[in-house]
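I have placed the structure first, in the form of structure tokens, so that the comments after it can refer back to it.
In UniProt numbering, the protein residues as written are 1 to 507.
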């Protein structure tokens, strides 16, 4: 079956060509404009030797070029690899190499890190958004406008529904980040059904402060809005005044965010801002504290529906079924066509009310991990995708998450993989052993904490270790707190006992 996710943009552009698709503080772009410009990008990419299935990395914040590049990549039958702009050179190089990317589209502000990463690779070309300083980039680097020469994309083959549209990197419990392959059909179904469950309408204006490089912002905001012809009010970076200004300026009706955003807005001074256009909110990425939820709802007078999803599920898997039928602190019920089960340690189903691992299957679950058949088989054992999250289903079918089976730390909605940070810390000349855990944080949900022991005769101060790590890893990953101990607790096999470590720190 021939199908391409970008058909959502084309259909909305045909139905409402002059309607604003994207609104930025600096101006707006209509559906017709985004459709036309992304078509130019598609033709330009194919003319530069890229073929269906090739990977193009996009390392941009919420700027117009991200959206134009995204739909252009899809129209060309290529696969987009979204990357966080905060990644450092070594991390960028890893993602480009592991994904077999042939091109990276990045912002001029990232010249130092991206250029350093490209020196470690061959066959990866760069396209720069912003001022192109030829001295800072490899020879042959293009400026983004070079992809916008007039062209007609109507003769491009759209590809198949099961082709990989997005290769989204995610961290698990072992190894380095893995690329989850999400097809055109999977992403289409998720954004379509998620919007229907949420009760969104074409007249709604959705706030896009969640990063588009993250599955939540990409699928639940950008894709969902394109699918249903909605307007998106884009805020490039979360700052309370900027969010309040956007809500007032664009008459935003839908707020989508992670708990840290709701926390900041719940305690914000809204004097002088008109937020009366808001009618509903959604929260994901981590569990939202009840106190924050109620304070936000009381302040803004709207319900916030909590949902649940993963990179591997193309974002939404469950969501509460409307303000009148929700259960506070529940993640709701599965979307149409998605099956959810709670299982024990032997993968046997558990009855209502009993806590076990959440496993999933359905139209939205990843095709698998790119070039990782062993990890894919393990994750999909028994025909169900194992999330690593613990929860239960109540008698009414509502799902509740109670804990994470994985050691993953979710800081401000961003996933931080402890082993990756630990491996970095082991490179510090004074550190003998290291363990990274998450500690509860009222504002961020969790904070990254490193507990280390030093090598014999070595000395280091916590502040120095924090500064050292900050220079070598993305800003959301480095530990803000470092605790130095004589010895880390270990189990019988010699493995660091993180459960005991957490208990000690709480005590």
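Even for Gly, the Cβ is constructed at its ideal location relative to N, Cα and C.
A quick note: this is a predicted structure, and the numbers were derived from the prediction, not measured.
Coarse secondary structure for residue i, derived from DSSP in three states
i	result
residue 484	strand
residue 184	helix
residue 21	strand
residue 272	coil
residue 199	coil
residue 177	coil
residue 72	helix
residue 189	helix
residue 64	helix
residue 38	helix
residue 102	strand
residue 332	strand
residue 490	strand
Limits of the unbroken beta strand (DSSP E) element including residue i
i	result
residue 55	55 to 59
residue 439	431 to 441
residue 391	385 to 393
residue 409	409 to 411
residue 283	280 to 283
residue 27	27 to 30
residue 445	445 to 454
residue 319	315 to 319
residue 479	Segment: none, residue 479 is in no beta strand (DSSP E) and carries neither H nor E.
residue 82	79 to 82
residue 304	304 to 310
Residue i: first and last residue of the uninterrupted alpha helix (DSSP H) it sits in
i	result
residue 96	89 to 99
residue 300	290 to 300
residue 469	462 to 470
residue 165	From DSSP, residue 165 is part of no alpha helix (DSSP H) but of the beta strand (DSSP E) over 164 to 170.
residue 14	7 to 15
residue 416	That residue, residue 416, is in no alpha helix (DSSP H); its beta strand (DSSP E) goes 414 to 416.
residue 501	498 to 506
Whole-number beta carbon distance between residue j and residue i, since they are thought to touch under 8 Å
i	j	result
residue 482	residue 503	That pair is no contact at about 19 Å.
residue 381	residue 476	Rounded, the Cβ-Cβ distance is 31 Å, inconsistent with contact.
residue 253	residue 304	Not a contact, Cβ separation roughly 14 Å.
residue 385	residue 359	6 Å
residue 340	residue 334	5 Å
residue 166	residue 147	Residue 166 to residue 147, Cβ: 19 Å. No contact.
residue 34	residue 68	6 Å
residue 47	residue 473	Residue 47 to residue 473, Cβ: 37 Å. No contact.
residue 61	residue 85	5 Å
residue 332	residue 307	6 Å
residue 125	residue 135	Incorrect: roughly 17 Å between the Cβ atoms, too far for contact.
residue 425	residue 379	Not quite, the Cβ-Cβ distance comes to about 27 Å (not below 8 Å), so this is no contact.
residue 312	residue 365	6 Å
residue 170	residue 178	6 Å
residue 390	residue 356	7 Å
Quick test of the definition: if touching needs 3 or more C-beta pairs under 8 Å, does the region 77 to 87 touch the region 52 to 66? yes
Okay, do the region 1 to 19 and the region 104 to 113 touch, 3+ Cβ pairs below 8 Å being the bar? no
In chain order, which beta strand (DSSP E) runs of at least 3 residues are fully inside the region 205 to 265? 205 to 208, 231 to 234, 254 to 257
Can at least three beta-carbon pairs, one atom from the region 216 to 232 and one from the region 21 to 30, be found at a separation below 8 Å? yes
Which full runs of the beta strand (DSSP E) of 3+ residues lie inside the region 340 to 377, going along the chain? 356 to 362
The region 233 to 251 / the region 268 to 282 touching (three or more Cβ pairs under 8 Å): yes
Quick check on the DSSP output: what are the complete alpha helix (DSSP H) runs of length 4 or more inside the region 107 to 159, in order along the chain? 111 to 118
Check whether the region 206 to 213 touches the region 391 to 399, taking contact to mean three or more Cβ pairs, one atom from each stretch, closer than 8 Å. no
Taking contact to mean at least 3 C-beta pairs separated by less than 8 Å, is the region 366 to 380 in contact with the region 317 to 329? no
Measuring CB atoms only, is the region 91 to 98 touching the region 115 to 132, in the sense that at least three cross pairs come out at less than 8 Å? yes
For the 8 Å Cβ check, are there 3 or more pairs between the region 433 to 446 and the region 413 to 421? yes
Does the pairing of the region 257 to 267 with the region 283 to 301 give three or more beta-carbon distances under 8 Å? yes
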